[in-house]
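Below is one structure, written out as structure tokens, with a few remarks after it.
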Amino acid sequence: MKTLWECKYFEPISYGELFTYTTDLYKQNLAPFKDLSYAPKYCVQLKKKAESKEVNKNKCKFIPEHVFFADFECSTDGFHKAFNICYDSEDGSVSESIWGQNCATEFLERLPDKSLIYFHNLSYDINFILRHMTEVKGNPIIKGSRTMQITGLYKGRAIIIKDSYTAINKKLKLFPAMFNLQTGPKEVFPYNYYSSVLLANDNRTGVISEACKFIRDADTFMKNIDSIKGCRIDENHFDLEKYSTFYCNQDVRILREGFVKFRNDILKEFDLNVYDYVSICSIANKLFENRVYFPNGNLYDLSNKPREFISRCIQGGRCMLSDNIKQKSEKKLIADFDAVSLYPSAIARLYTLEGIPKVLKKEMLSTEYLMRHLFDDDQKEPIGEKFMSGFFVLIKITEIGIHRHFPLIVCDPELNPELNVPRSSNTCCLMYVDHITLQDLIKYQ
């Protein structure tokens with residue numbers, strides 16, 4: 000181990016990666032279903048729970064009483080080290096910065112009890128703050144390599160740290176156009192000049208001629224130095240802290256103003272407080288609960304066999320080239336076609352199946368029977384022999400009518416271990432499908 004360390008074979012891992020490494024991962028094996036019968040308790044009706052606000056409060060670890068928006072500035076050579084942090088309170092009445100290698104701990108010292116702090120891309124910023132917290136409470140919310148939320152204590156004071164990027168999945172530079180915000184002066188920042196060597200011992204003095212080597216627009220850089228009060232020290236020196244703080248403050252202001260506007264809009268339109276949720280997905284799910292699931296009265300949460308079987312019919316997105324073949328063109332431009340807004344389009348166009356799922360009888364298990372009894376596109380109630388609102392089945396594809404460059408067939412290797420083909424291919428195989436997928440397969444393949 001010592002030799003490996005001396006030879007620099009070890010690489011630092013982030014706190015987000017650390018939590019991922021300590022997570023138990025389970026691979027889903029597609030075992031065949033021998034019996035689809037299930038107990039009614041595995042289908043729970045979706046209805047709003049009659050709970051008082053006091054009960055809801057008791058369920059929470061704490062209700063945030065203070066909200067802040069923050070951002071670190073860090074050296075990017077070798078080990079990334081934070082040298083500056085800027086933060087604003089929710090209403091902007093507090094707007095401060097902390098300079099130096101101890102900026103993270105000093106920031107924690109200033110936070111009052113029951114504080115909620117937002118960083119834009121928490122997965123990066125958490126590396127500079129988590130090590131200083133006294134205790135991490137519960138399980139951090141992590142999706143892949145993205146840290147979404149961490150709750151903990153610092154010297155007895157409760158803190159929640161969230162990622163604003165999971166609620167507004169856009170780069171900060173797009174906020175002004177999205178929320179009609181003032182942008183401020185053009186940002187010209189010599190990031191690579193702010194090295195750990197330069198900033199050693201909390202140095203605050205920079206050399207203008209040296210910094211200009213790390214930027215393209217030297218004229219704007221010089222103008223910005225002169226526009227920031229007290230930033231120019233003399234003809235060839237500038238204040239590193241004042242220059243860094245000016246642009247860091249600007250980013251924090253844009254984050255705060257954009258996020259608060261986003262929160263106010265959601266609160267006004269949907270009566271939902273963004274501070275109570277981790278991501279835009281959880282906000283959307285709550286909106287569906289309030290406006291679709293609960294009012295309907297005939298929708299159910301599924302678990303056990305129903306959920307397991309139906310989930311196998313979800314294939315996910317695909318990423319493929321035509322015919323799964325690499326292509327190179329010397330004369331033509333290649334279009335990387337990426338369809339957008341597929342989820343909201345499907346939500347607007349389609350529907351939600353009501354009631355609890357019923358196991359199909361043996362005599363129903365044929366394409367002809369299922370298609371004959373399936374609802375028409377605009378049908379909402381059972382009429383005569385059209386009494387199936389939808390279905391989920393395991394099919395065996397025995398013949399392919401049309402070979403597509405981008406086939407609809409998904410050949411799951413776990414379901415078809417004997418077939419060594421790409422997932423999306425013109426191949427006869429076993430496949431879990433819902434009624435819409437089966438209709439598409441019949442029509443287009």
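Take the sequence shown: its letters are residues 0 to 444, numbered as in numbering that gives the first Met the number 0.
Beta carbons: idealized from backbone N, C-alpha and C, even for Gly.
Quick caveat, the model's predicted, so the values are computed rather than measured.
{"Item": "Asn289 to Ser344 span [Cα, whole Å]", "Value": "20 Å"}
{"Item": "Cβ-Cβ distance between Cys428 and Leu437 below 9 Å", "Value": "no"}
{"Item": "Proximity to Phe106 [Cα-Cα], best of Asp70, Ser122, Pro139, Glu134", "Value": "Asp70"}
{"Item": "For Phe261 and Phe178, the rounded distance between their alpha carbons", "Value": "8 Å"}
{"Item": "Proximity to Tyr342 [Cα-Cα], best of Val273, Ala283, Phe68, Glu367", "Value": "Ala283"}
{"Item": "Straight-line gap, Lys304 to Leu369 (C-alpha atoms, nearest Å)", "Value": "21 Å"}
{"Item": "Rounded straight-line distance, which links the Cα of Ile167 to that of Gly99", "Value": "30 Å"}
{"Item": "The region 238-253 / the region 68-86 touching (three or more Cβ pairs under 8 Å)", "Value": "yes"}
{"Item": "Cβ neighbours of His79 in the same chain (closer than 6 Å, five flanking residues each side left out)", "Value": "Cys73"}
{"Item": "Same chain only: Cβ atoms within 6 Å of Val66, ignoring 5 sequence neighbours per side", "Value": "Glu89, Leu115"}
{"Item": "Which of helix, strand or coil DSSP assigns to Ser88", "Value": "strand"}
{"Item": "Residues of its chain near Ile355, where Cβ-Cβ distance is below 7 Å and the 5 sequence neighbours each way are ignored", "Value": "Cys42, Tyr299"}
{"Item": "Straight-line gap, Arg446 to Gln444 (C-alpha atoms, nearest Å)", "Value": "Residue coverage of the chain in this structure runs from 0 to 444, which leaves residue 446 outside it and unanswerable."}
{"Item": "Chain-order list of residues whose beta-carbon lies under 6 Å from that of Gly205 (same chain, five-residue window excluded)", "Value": "Phe237, Leu239"}
{"Item": "Residues of its chain near Ser231, where Cβ-Cβ distance is below 7 Å and the 5 sequence neighbours each way are ignored", "Value": "Sequence inspection shows Arg at residue 231; the Ser mentioned does not correspond to that position. Taken in chain order, the residues that qualify are Ile224, Asp225, Phe237."}
{"Item": "Leu320 versus Lys331: straight-line alpha-carbon distance, rounded", "Value": "16 Å"}
{"Item": "Asn419 CB to nearest heavy atom of the ligand COA below 8 Å", "Value": "Although the ligand COA was asked about, the structure shown includes no ligands whatsoever."}
{"Item": "Sequence ranges, beta strand (DSSP E) only - wholly within the region 72-137, length at least 3", "Value": "80-88, 94-98, 114-118"}
{"Item": "DSSP three-state assignment for Asp250, whether helix, strand or coil", "Value": "helix"}
{"Item": "Closer than 9 Å to chain D by CB, Met363", "Value": "The structure shown has no chain D; it contains just one protein chain."}
{"Item": "Burial state of Ala338 (16 or more Cβ within 10 Å)", "Value": "exposed"}
{"Item": "Ile227 in three-state terms, based on DSSP", "Value": "coil"}
{"Item": "Residue environment, Asp270, which counts as buried when at least 16 other CB atoms sit within 10 Å", "Value": "exposed"}
{"Item": "Distance, Thr219 Cα to Lys185 Cα", "Value": "8 Å"}
{"Item": "Buried or exposed by the 16-neighbour rule on C-beta atoms within 10 Å, applied to Phe308", "Value": "buried"}
{"Item": "9 Å Cβ cutoff met for Phe293 and Tyr242", "Value": "no"}
{"Item": "Meets three-Cβ-pair contact criterion under 8 Å: the region 369-388 and the region 396-409", "Value": "no"}
{"Item": "Proximity below 9 Å, CB of Val432 to CB of Val392", "Value": "yes"}
{"Item": "Limits of the unbroken alpha helix (DSSP H) element including Cys280", "Value": "279-287"}
{"Item": "Sequence-distant residues of its chain with Cβ nearer than 8 Å to Ile401 (five each side left out)", "Value": "Tyr443, Gln444"}
{"Item": "Euclidean distance between Cα positions of Ile141 and Glu362", "Value": "46 Å"}
{"Item": "Ile346 to Asp411 span [Cα, whole Å]", "Value": "26 Å"}
{"Item": "Nearest neighbour of Arg317, chosen from Asn297, His119, Ser424 [CA to CA]", "Value": "Ser424"}
{"Item": "Exposure of Asn126, with buried meaning 16 or more beta-carbon neighbours within 10 Å", "Value": "buried"}
{"Item": "Leu121 vs Glu134 beta-carbon contact at 9 Å", "Value": "no"}
{"Item": "3-residue-minimum beta strand (DSSP E) runs that sit fully inside the region 278-337, ordered along the chain", "Value": "299-301"}
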